[in-house]
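Colleague: Straight run, no breaks: the sequence shown in my numbering ends on number 419.
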Amino acid sequence: MHVLTSLRVALVFFATAGISAAQGCVGDEDCSLNGICCRSSGKCKCDPGWQSDDCGMLDLLPAARWSGYNYTNFTLSDFYSTKGNSSWGGNIIQDRQDKGLFHLIIDQFPRGCGLSGWRPFSTVIRAESRTGPAGPYHYAQELLGTFRHNAKVIWSPADQMYLMYTIGIETETPDTCKSYKWANNVSVSSAPDARGPWAPSDRLLDGTNPTPWPLWSEDNPTSEIALGVEDNFLYSADSFGGPYKLIKSMPWNTSDYSDHWTEDPFLWRDKRGNWHILCHWMIDIAERHEKYPRVGGHLFSRSLAGKWSFKLQAVYNTTVHFTDGGRTDYYRRERPRLYFSDDGNLTPLYLINGVQEFNSSASYTLVQPIGSRAKL
Ligand SMILES: *[C@@H]1O[C@H](CO)[C@@H](O)[C@H](O)[C@H]1NC(C)=O
Ligand SMILES: *[C@@H]1O[C@H](CO)[C@@H](O)[C@H](O)[C@H]1NC(C)=O
Ligand SMILES: *[C@@H]1O[C@H](CO)[C@@H](O)[C@H](O)[C@H]1NC(C)=O
Ligand SMILES: *[C@@H]1O[C@H](CO)[C@@H](O)[C@H](O)[C@H]1NC(C)=O
Ligand SMILES: *[C@@H]1O[C@H](CO)[C@@H](O)[C@H](O)[C@H]1NC(C)=O
Ligand SMILES: *[C@@H]1O[C@H](CO)[C@@H](O)[C@H](O)[C@H]1NC(C)=O
Ligand SMILES: *[C@@H]1O[C@H](CO)[C@@H](O)[C@H](O)[C@H]1NC(C)=O
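Encoded structure:
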């Protein structure tokens, strides 16, 4: 698109957005189910952590440099290349007994091979922080060896266990950096503690990018579990071991290069019982064959198998501001996951992403605070 044309498109877009803002909200859907529509003022009252007229943007605060898990400058004598302990996103878990201890369970690529060697080099490791959920985290242990990727860990109250959904297959670590192509399968493992012991991974279904959410609540202490995968297909099972049955596929065009093209879903149910998915929205690849800057997508629905909305706007982009006053515009920012408050309100407190800088083939795991309730 020519610059002038895109300028015109942008102007039309802002004009349209202006009209709808002036008309105001009618229902909570107009507030992205991230807030309440105040009918008298026609304005959204956003829940903590969300902002903008339609509560469709995360309220991200400056991040601290060297927080999260960034060991891209690290090397060992048995590394095959120079991309350090590259990693690609993770899950923050507050220790259930020791509340001052936080675990970050992440996908790490050993031997310095970096992101491009993710298949077969990816392993699942655990790192620890005693300085809060933002880290910095320090390597503690390998949980699952090559090839395990996409680890998504959640506490299951019904099972009194952590469930870890991954993709992968047990394989030897090659003796040089290389990249394999495999069909991916989703598996699940369980453990009473983040440190393990983790049960052997059981294969559940073909697919990738699993994102589980237990349906358990105090009113309904069920062992049922919801599981999202690539393209926002949603499955459910009576218990985590399966079988999983497909309960929802999105009505829009999820094909590669379509404007609804997404990956890396992160599924959750909020304090009101509404459902949300944060995902990597690949609109810039579809439009310009580039991986930046509009990378965060948000989908929402009042029920799991009901009518989902996807407004095709960025919830966050590749720009991150830092507490030292600096700013990094990332080349890639993917694998979104949220860490929530544990007070029953599920306020999003931190956004976790896998990131890659421009002109670098190393990758790391960034943790950025959300809203005024997060601590650095
Ligand atoms: C991550 O590490 C690299 C060095 O490998 C450094 O250049 C970069 O600034 C670090 N990023 C953050 C956010 O700490
Ligand atoms: C990586 O960079 C950090 C921050 O500058 C520094 O503290 C650390 O020592 C460096 N590690 C290596 C192995 O150079
Ligand atoms: C890097 O990962 C290896 C395991 O692959 C681990 O032994 C090492 O301690 C890690 N280094 C850092 C600085 O996290
Ligand atoms: C996935 O499952 C198929 C069988 O459906 C198998 O052939 C393939 O090796 C598996 N791949 C991985 C990475 O687990
Ligand atoms: C879906 O989107 C793709 C990519 O833009 C396009 O090639 C395909 O024709 C679309 N399919 C339908 C049914 O619209
Ligand atoms: C990301 O969005 C902010 C506004 O929210 C804007 O200031 C910034 O320039 C955007 N980043 C990029 C790389 O376009
Ligand atoms: C990346 O490298 C290219 C060529 O060396 C340079 O033109 C460009 O400015 C660099 N980009 C960034 C963000 O550093």
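A virtual CB, placed ideally from N, CA and C, is assigned to each residue, including glycine.
(1) Any residue with its C-beta under 7 angstroms from a non-hydrogen atom of ligand 6 counts. Can you list them all in chain order?
(2) Relative to ligand 5, what is the chain-ordered list of residues with a Cβ closer than 6 angstroms to any of its non-hydrogen atoms?
(3) Taking Cβ to Cβ, would you say asparagine 227 is nearer than 7 angstroms to threonine 209?
(4) Using the Cα positions of phenylalanine 283 and glycine 239, report the straight-line distance between them to the nearest angstrom.
(5) I need the DSSP call for phenylalanine 164, collapsed to helix, strand or coil.
(6) Beta carbon of asparagine 20: closer than 6 angstroms to some heavy atom of ligand 1?
(7) Looking only at its chain, what residues have a beta carbon closer than 7 angstroms to the beta carbon of alanine 64, apart from the 5 residues adjacent to it on each side?
(8) Can you tell me whether glutamine 184 is buried or exposed? The criterion is at least 16 other CB atoms within 10 Å of its CB, across all chains shown.
(9) Quick check: the Cα distance between serine 222 and glycine 188, rounded to an integer number of angstroms?
(10) Mapping the DSSP letters down to three states, classify aspartate 307 as helix, strand or coil.
(11) Thinking C-alpha only, which one of Ser129, Lys195, Ser346 is nearest leucine 119?
(12) Any idea what DSSP makes of alanine 107, helix, strand or coil?
(13) What would DSSP say about alanine 269, mapped onto helix, strand or coil?
(14) Got a sec: does ligand 1 put a non-hydrogen atom nearer than 6 angstroms to the Cβ of asparagine 128?
(15) How close, in whole Å, do the beta carbons of histidine 319 and leucine 347 come, if the pair is a contact with beta carbons under 8 angstroms?
(16) Tell me whether threonine 408 sits in a helix, a strand or coil according to DSSP, three-state version.
(17) Does DSSP classify valine 55 as helix, strand or coil?
(18) Please report the distance separating the alpha-carbon of cysteine 98 from that of serine 75.
(19) In the structure shown, what three-state DSSP assignment does arginine 191 receive?
(20) Please list, in chain order, all residues of the same chain as leucine 409 whose beta carbon is under 6 angstroms from its beta carbon, the five residues on each side excluded.
(21) Is there at least one non-hydrogen atom of ligand 2 closer than 6 angstroms to the beta-carbon of asparagine 116?
(22) May I have a chain-ordered list of the beta strand (DSSP E) segments no shorter than 3 residues that lie completely inside the region 322 to 364?
(23) Apart from the five residues on each side of it in sequence, which residues of its chain come closer than 8 angstroms, Cβ to Cβ, to serine 83?
(24) The beta strand (DSSP E) with alanine 280 in it runs from where to where?
(25) Based on the DSSP secondary-structure assignment, which residues constitute the bridge partners of aspartate 249?
(26) Taking 6 angstroms as the line, does the beta carbon of phenylalanine 365 fall inside it for any heavy atom of ligand 7?
(27) In terms of residue numbering, what span does the beta strand (DSSP E) encompassing aspartate 150 cover?
Modeller: Looking at the atomic coordinates:
(1) Tyr335, Pro336, Asn360, Thr361, Thr362, Asp372
(2) My final list is Asn296, Ser298, Tyr300, Ser301.
(3) Against a cut-off of 7 angstroms, the Cβ pair of threonine 209 and asparagine 227 comes out as no contact.
(4) 17 angstroms
(5) Helix.
(6) With the chain represented from 44 up to 419, any question about residue 20 goes unanswered, as that position is not in the structure.
(7) Model confidence at alanine 64 stands at a pLDDT of 46, short of 50, so the residue's coordinates are unreliable; what they give is reported in the following sentence. Closer than 7 angstroms at Cβ, skipping near neighbours: Asp96.
(8) exposed
(9) 16 angstroms
(10) strand
(11) Ser129
(12) coil
(13) strand
(14) Flag unset: Cβ of asparagine 128 not near ligand 1.
(15) Cβ-Cβ separation between histidine 319 and leucine 347: approximately 11 angstroms, too far for a contact (criterion under 8 angstroms).
(16) strand
(17) Reliability fails at valine 55, whose pLDDT of 41 lies under 50, so the model's placement of it is uncertain and the value that follows must be treated cautiously. Of the three classes helix, strand and coil, the one that applies to valine 55 here is helix, per DSSP.
(18) When rounded, the distance between both Cα atoms is 6 angstroms.
(19) strand
(20) Gly111, Asn396, Val398
(21) yes
(22) 339 to 344, 362 to 364
(23) none
(24) 276 to 280
(25) Asn228
(26) False, no ligand heavy atom lies under 6 angstroms from that Cβ.
(27) 145 to 152
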